[in-house]
Amino acid sequence: MKFSNRLLLFLAGTVLVLLALFLFTNPAANLVAYSWWIAFGLLVTSIAAILSYFSVPKELRSPVYLFQGLSTCS
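UniProt numbering puts the sequence shown at residues 1 to 74.
Here it is, written out as structure tokens:
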């Protein structure tokens with residue numbers, strides 16, 4: 001796995017962990033803010049999945065990984 005893919009996965013995980021901490025510490029916050037954070041985390045996760053699909057050698061590619069990235073994005 002390339003460094004950029006690892007960086008994107010790390011970024012997605014960090015965003016989702018920060019979102020979880022924010023949700024537990026501030027439960028009365030606006031739900032719209034939650035949905036934007038979740039959408040951003042899912043977008044970064046889907047980009048990382050699509051990039052990781054194209055970064056592996058052709059014989060190791062599985063359409064399931066591409067489908068996972070595309071379905072997470074939509």
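Here a beta-carbon is modelled for each residue, glycine too, at the ideal position from N, C-alpha and C.
Looking at VAL44: is its Cβ nearer than 8 Å to the Cβ of ALA12?
yes
Specify the secondary structure class of ARG6 as computed by DSSP and reduced to three states.
ARG6: helix per DSSP, three-state reduction.
On the three-state DSSP scale, how would you describe VAL56?
coil
Taking 8 Å as the threshold, find out whether the region 13-28 comes into contact with the region 61-70 through three or more Cβ pairs.
Output reads no: the region 61-70 does not touch the region 13-28.
By DSSP, does SER62 sit in helix, in strand, or in coil?
coil
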